[in-house]
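What follows is one structure encoded as structure tokens, with my remarks underneath.
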Amino acid sequence: INVSSSSPANLEPPPEPNPGEVLEFEEPFDQNLNGWPVESTQDEYGATDAVIEDGVYRLTVFSATADGNTLWVEPEIPEITNFVYAVEARPLGPAEDFLYGLILRSTPEGDAIIFEIAADGVVVVQNFPDGNWEDLTDFTETGALNPLGEVNELMVVADGSEMVFLVNGEPVTSVEGIFVQPGRIGLIAEVFEEGGEFTVEFDNLQVAEP
93 INVSSSSPAN LEPPPEPNPG EVLEFEEPFD QNLNGWPVES TQDEYGATDA VIEDGVYRLT
153 VFSATADGNT LWVEPEIPEI TNFVYAVEAR PLGPAEDFLY GLILRSTPEG DAIIFEIAAD
213 GVVVVQNFPD GNWEDLTDFT ETGALNPLGE VNELMVVADG SEMVFLVNGE PVTSVEGIFV
273 QPGRIGLIAE VFEEGGEFTV EFDNLQVAEP
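Numbering (the numbering used here), first residue to last: 93 to 302.
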């Protein structure tokens with residue numbers, strides 16, 4: 093993949109997206125209408141829990157080892173290629189080494205683009221071809237994030253081989269030259285502390301035409 097990325101200082105704000113106009117999909121998480129996974133799991137890597145309650149989708153991931161653990165969830169909706177995808181996310185801790193964010197263009201073959209926020213306030217975009225992580229951008233510092241326990245709006249504008257990523261309305265990074273094929277959206281939570289647990293709540297998810 094021939095990928096180029098941009099730092100926040102070089103980013104041009106994209107046209108103001110409005111997911112309220114031509115919605116392809118929305119999820120207020122008042123109930124589970126779109127087949128989001130709701131279950132608890134446990135194995136040698138740790139444990140995970142996904143639940144819809146109190147009007148939010150709450151993901152909790154526990155790591156039994158220093159290698160970390162990941163909770164990856166996708167709804168039962170059609171695959172899409174170009175979109176504006178926005179969601180409110182509230183990281184709750186208590187672990188100090190975690191990531192959370194958005195899954196984009198996830199395919200049955202295992203490809204996906206991942207936009208994640210780290211505990212120390214940096215953002216990164218990664219690819220997941222054939223089960224192997226690849227960084228598409230550097231870990232980029234941003235002052236757009238709210239503190240732990242407060243809500244952040246995460247957004248991506250995907251148009252062909254280009255994607256622009258925003259936090260609380262501010263462009264924070266972008267990529268060009270990525271693969272263009274339909275896939276599912278999703279959400280992700282990760283923790284990287286042995287014995288560590290991380291919880292994040294998602295709400296008011298919307299997907300619209302770009």
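Backbone N, C-alpha and C define an ideal beta-carbon position, used for all residues, glycine too. What you are looking at is a predicted structure, and each value in this text was computed from that prediction instead of being measured.
Between the CA atoms of residue j and residue i - distance to the nearest angstrom
| i | j | result |
| --- | --- | --- |
| VAL283 | GLU254 | 29 Å |
| TRP225 | LEU246 | 21 Å |
| PHE190 | ALA210 | 6 Å |
| THR133 | GLU289 | 14 Å |
| GLY278 | ASN126 | 12 Å |
| VAL34 | ASN161 | What is shown of the chain runs 93 to 302, which leaves residue 34 out entirely. |
| ILE124 | ILE169 | The residue you asked about is not Ile; residue 124 is Asn in the sequence shown. Between ASN124 and ILE169, the C-alpha separation is close to 12 Å. |
| PRO221 | ASN174 | 19 Å |
| LEU297 | GLU136 | 32 Å |
| GLY241 | GLU119 | 21 Å |
| ALA308 | VAL264 | The shown model of the chain, from 93 to 302, leaves out residue 308, and the question about it has no answer. |
| PRO200 | TRP128 | 17 Å |
| PRO239 | LEU194 | 19 Å |
| ARG197 | GLY261 | 22 Å |
| ILE205 | ASP212 | 21 Å |
Whole-angstrom C-beta distance between residue j and residue i, which should lie under 8 Å
| i | j | result |
| --- | --- | --- |
| VAL259 | THR234 | 6 Å |
| ASN244 | ALA181 | 5 Å |
| GLU145 | ARG276 | In fact, because the Cβ distance is near 23 Å, the residues do not count as touching under 8 Å. |
Sequence-distant residues of its chain with Cβ nearer than 7 Å to residue i (five each side left out)
| i | result |
| --- | --- |
| VAL143 | VAL130 and ARG150 |
| ALA187 | VAL283, GLU285, GLY288, GLU289 and PHE290 |
| ASP227 | VAL216 and GLN218 |
| VAL292 | LEU151, ALA181, ARG182, PRO183, LEU184, TYR192 and ALA281 |
| THR229 | SER97, VAL216, VAL217, THR265 and VAL267 |
Residue i and residue j closer than 7 Å at C-beta
| i | j | result |
| --- | --- | --- |
| TYR192 | ALA250 | no |
| PRO274 | ILE172 | yes |
| LEU115 | ALA300 | yes |
| GLY138 | ALA158 | no |
| VAL148 | PHE117 | no |
| GLY252 | VAL272 | yes |
| PHE207 | PHE257 | yes |
Sequence-distant residues of the same chain with beta carbon closer than 8 Å to residue i, five excluded per side
| i | result |
| --- | --- |
| PHE231 | ALA210, VAL214, VAL215 and VAL216 |
| GLY202 | PHE220, PRO221, ASP222 and GLY223 |
Close Cβ partners of residue i (< 6 Å) along its chain, the five nearest in sequence each way excluded
| i | result |
| --- | --- |
| VAL153 | THR140, ASN161, LEU163, ALA281, VAL283 and PHE290 |
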